[in-house]
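Peer 1:
Residue numbers (the working numbering), protein chains in the order written: chain A, 634 to 1077; chain B, 634 to 1077.
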């Protein structure tokens, strides 16, 4: 893409009301804009980054046999009434009436609709197991939207749901997800922890959260560097009576008498000291058991012909949180430093003087050559000063910059600069495409 | 994909309440399910078909320089109040209040939010032209949802918006869209008409609709086979006072005194007889002028430094309507006959006897070989009778079937059957992959 043809409204000023680093940088680099409280517009660069994340999500979901479907955002109240969540969830649920006066809500999650579908379509143990997923908009009326795309009222979510005949099979679906999640976050270049509640407790209620360490995080994780124990501070040290699901946008269970773990507490597994780290929750996995299948009558006939409730799990990942966490973990004073797998482009070409025919000609040649190799290229073809191009390039954070200066070009040389290290190497013109092709990820 | 691992709930029964052929077939072939009135779930096959359509939309939008962004579904009332549509639109708009009592609505279209963004970000003629698009959910509280995915309360829409400095430039953006739309519908294998209102009339208010002929259509088009004149019956013959935009989900203008064109009426252009055909509206393009930019203060500074309103256009396509129209135009008594470009898979392998080792081995080999060529393959690996496999294959409508029967295999032969003509040719095993690769579209 040509910068001149692309809508990238970078800002010189630091937005006053943006608290988190990722929020400030996504605004300044022209990735997002806020339409209203907790409602964000993704601009071309932001949407490209999100789509790269979604492509990774799809690939890894499909590798565990999950099947993509698409559910409505608008739900009839009835199915939420059947599970009891119509009443147990408060103001976080957007509610409305349709033209006939029928009560509806906006999907804050899709356990109800997915279970409804299973109740209609799954009849026999032969239809099991199933994993269905979607990458779909969720709406939650957060009391305090904050930190840009980290806590919003409308957001994309990769949500998957497993349907199994028994606990053993659920355990398989659950572990498939855990492994896929590790692969996803690794591919996204994130530092993260899988944070555990004590498995096997509470009648099969098991949950894990995936946490990306960042000062912008709203969650706190207790970590034991000695034995590797990691848990949400609310669960750490003592076995919880129930799983707190604030990260799912609402609290269903309160455990007000429980003391949260603190810095220096003792690890209940090995006795070492725990440390506390702020984290962004980027994913979660839940064993639901029959919580939804029983009230929504999602039953199946087992091998002996007796009717049993389907055993379920649900699994979420927020793509925008991955983007924000990646920026929180990868930035410097000049801007974003994208992990290669998430960058909206693989490489940015900076022809410094657009009035120099040789510069323009070389830039066009490189642009074409790289695109032919399947590399996603942004070329800053604007008639702007070199200083502005450098500043915008650092802000936007494409991992590799190819700098075309007149002096170097006269010697047949081009500079390749690493956005992270800011190290630049001079490379012969004819070697650039090959060199960049080797290091760039294959475009999705 | 393996049929046994895929969720394809085909139905033997014809659903009682489904009127349109496309609706019946999408239900029977396991493409969609209805959650509630006008609210549809896309199952794996349906979602794959929709994604093929979306890939074509993206490609053609990007070829005219349109940039993909993503807007929220939830909108603050204020911007709709500013354009007057908060009041002029009735029950079709889903309205709700957030937890603070603030009035909100669900986006039935995005002129308001797109113009709001332009008002913030476009300052100078140098920022123009722009074309922004998204493939995003719309919500409209239809009085009478009907015909399956043809008229629903929630649906995907490819909506694009052009921002220009003057009428001449708008005309360019408009024609770029018209050309892209022709290419899109051609690539989707649809018969369609571009239906005109009289351009240049009514202070620049110009609109065209793209209509796919089908008995399931709710629109009627007046066609002149002699001169090629084509118009919505409401516009045909006489110049309309305003554009009726029922297809956009709401009526803003009523022209109750106007008589609609009828079969045998006289073409006002050439004097020949008009014929009337029922059509599905699959797309529309509108010159908006300054209707939204003035109330939302989307102004820019022109070359002389004077402030002017941005000249806008808006352009919509409904992917689910393309899918339904394709089925309406391509089916037989046995099921769907997908155009190659939209089929959820390029080819289906039918190993007739899964208990025969040679059959299974050959099927697996073909499956692997075709996938390596980038061909999307569905393999019916279920342990079902041949009759059931044939019935389901015809119903689902993948364009080419590779049939593996024991008798043919003994002679080293395989049948390739064309879903449309039902003609089968026997081909040597080792030639199958090559033969199918040549005719299958490149996978997106």
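Quick reminder that beta carbons are idealized off the backbone N, C-alpha and C, glycines included.
Please read all numbers here as calculations on a predicted model, not as lab measurements.
Going by DSSP, name the residue or residues bridged to residue 964/A.
Peer 2: Beta-bridge pairing links residue 964/A to 969/A.
Peer 1: Any beta carbon of chain B sitting closer than 9 Å to that of residue 646/A?
Peer 2: By this cut-off, residue 646/A is not an interface position.
Peer 1: For residue 896/A and residue 949/B, I'd like the C-alpha separation in whole angstroms.
Peer 2: Going by the C-alpha atoms only, they are around 56 Å apart.
Peer 1: Can you tell me whether residue 850/B is buried or exposed, with buried defined as 16 or more other CB within 10 angstroms of its CB?
Peer 2: It is buried - the Cβ of residue 850/B has at least 16 other Cβ atoms within 10 Å.
Peer 1: Identify the contact partners of residue 698/A in chain B, using a Cβ-Cβ distance below 7 Å as the criterion.
Peer 2: Within chain B, the residues near residue 698/A are 638.
Peer 1: Using a beta-carbon distance below 9 Å, is residue 1070/B in contact with chain A?
Peer 2: No - not a single Cβ of chain A is within 9 Å of the one on residue 1070/B.
Peer 1: State the beta-bridge partners of residue 766/B as determined by DSSP.
Peer 2: Answer is 701/B and 793/B, bridged to residue 766/B.
Peer 1: Can you look up residue 715/A in the DSSP assignment and give me helix, strand or coil?
Peer 2: Helix.
Peer 1: Which of the three DSSP states, helix, strand or coil, is assigned to residue 706/B?
Peer 2: Looking at residue 706/B - three-state DSSP - the assignment turns out to be coil, as it is neither helix nor strand.
Peer 1: Expressed to the nearest angstrom, what Euclidean distance is found between the alpha-carbon atoms of residue 919/A and residue 795/B?
Peer 2: Whole-angstrom Cα-Cα distance: 44 Å.
Peer 1: For residue 1067/B, is the classification buried or exposed, using 16 other Cβ atoms within 10 angstroms of its Cβ as the cut-off for buried?
Peer 2: Exposed.
Peer 1: List the residues of chain A whose Cβ lies closer than 9 Å to the Cβ of residue 720/B, in chain order.
Peer 2: Under the 9 Å cutoff, chain A gives no residues; its nearest Cβ is about 16 Å from residue 720/B.
Peer 1: Alpha carbon to alpha carbon, what distance is there between residue 1030/A and residue 1052/A?
Peer 2: About 7 Å.
Peer 1: Roughly how many whole angstroms lie between the Cα atoms of residue 1007/B and residue 1070/B?
Peer 2: Cα to Cα, residue 1007/B sits roughly 9 Å from residue 1070/B.
Peer 1: Leaving out the 5 sequence neighbours to the left and right, which residues in its chain are closer than 8 Å to residue 1060/A when beta-carbon positions are compared?
Peer 2: Counting only Cβ-Cβ distances below 8 Å, and skipping sequence neighbours, we find 1046, 1047, 1048, 1049 and 1068.
Peer 1: Can you tell me the Cα-Cα spacing of residue 826/A and residue 820/A, whole angstroms?
Peer 2: Approximately 14 Å between the Cα atoms of the pair.
Peer 1: Which residues bound the alpha helix (DSSP H) around residue 677/B?
Peer 2: 677-696 is the span of the alpha helix (DSSP H), which, as asked, contains residue 677/B.
Peer 1: When we look at the beta-carbon of residue 645/A and count the other beta-carbons within 10 Å, is it buried (16 or more) or exposed?
Peer 2: Exposed, since its Cβ has fewer than 16 Cβ neighbours within 10 Å.
Peer 1: Taking CB distances under 9 Å as the criterion, tell me whether residue 1076/B reaches chain A.
Peer 2: With a pLDDT of 45 at residue 1076/B, under the threshold of 50, the modelled position of this residue cannot be trusted; read the value that follows with caution. No, its Cβ sits nowhere closer than 9 Å to a Cβ of chain A.
Peer 1: Determine, using beta-carbon pairs with one atom in the region 907-926 of chain B and one in the region 942-956 of chain B, whether at least three such pairs fall under 8 Å.
Peer 2: These segments touch.
Peer 1: According to DSSP, is residue 668/A helix, strand or coil?
Peer 2: Residue 668/A falls in the strand class under three-state DSSP.
Peer 1: In terms of residues, what are the limits of the beta strand (DSSP E) holding residue 920/B?
Peer 2: Where residue 920/B is concerned, the enclosing beta strand (DSSP E) stretches over 908-922.
Peer 1: Nearest chain A C-beta to residue 945/B closer than 9 Å, yes or no?
Peer 2: With 9 Å as the cut-off, residue 945/B does not count as an interface residue toward chain A.
Peer 1: Please report whether the beta-carbon of residue 716/A lies at a distance below 9 Å from any beta-carbon of chain B.
Peer 2: No, its Cβ sits nowhere closer than 9 Å to a Cβ of chain B.
Peer 1: Mind pulling the chain A residues with CB within less than 7 Å of residue 748/B?
Peer 2: Result: empty, since nearest Cβ-Cβ is about 12 Å, beyond 7 Å.
Peer 1: Going straight from the alpha carbon of residue 887/B to that of residue 782/B, what length do you get?
Peer 2: For residue 887/B, the predicted structure reports a pLDDT of 40, less than 50, and the residue's modelled location is therefore unreliable. A value from the coordinates is still provided. Those two C-alpha atoms are separated by around 26 Å.
Peer 1: What does the alpha-carbon distance come out to for the pair residue 623/B and residue 1042/A?
Peer 2: No answer is possible for residue 623/B: it lies beyond the span of chain B, which begins at 634 and ends at 1077.
Peer 1: Give me the chain B residues within the contact set of residue 673/A, using Cβ-Cβ distance strictly less than 8 Å, ordered along the chain.
Peer 2: What residue 673/A touches in chain B: 705.
Peer 1: Where does the unbroken alpha helix (DSSP H) through residue 1029/A begin, and where does it stop?
Peer 2: Start and end: 1019-1029.
Peer 1: Give me, in chain order, the residues of the same chain whose beta-carbon lies closer than 6 Å to that of residue 728/A; leave out the 5 immediate sequence neighbours on both sides.
Peer 2: Excluding residues within five positions, the ones whose Cβ falls inside 6 Å are 738.
Peer 1: Answer yes if the region 903-919 of chain B comes into contact with the region 840-860 of chain B, meaning at least three C-beta pairs across the two stretches below 8 Å, and no otherwise.
Peer 2: Yes, the region 840-860 of chain B touches the region 903-919 of chain B.
Peer 1: Compare the C-alpha of residue 894/B against each of 930/B, 904/B, 925/B and 853/B and name the closest.
Peer 2: Answer by Cα proximity: 853/B.
Peer 1: Could you check the C-alpha separation between residue 940/A and residue 1026/B for me, to the nearest Å?
Peer 2: Using only the alpha carbons, I get a separation of about 31 Å.
Peer 1: When DSSP labels each residue in this structure, what does residue 1045/A get in the three-state scheme?
Peer 2: In this structure, residue 1045/A counts as coil in the three-state DSSP scheme.
Peer 1: Tell me the DSSP secondary structure of residue 995/B in three-state form.
Peer 2: Residue state, collapsed to three classes: helix.
Peer 1: Any chance the region 675-683 of chain B sits against the region 697-704 of chain A, with 3 or more Cβ pairs inside 8 Å?
Peer 2: Touching, yes, given that three or more Cβ pairs across the two stretches are closer than 8 Å.
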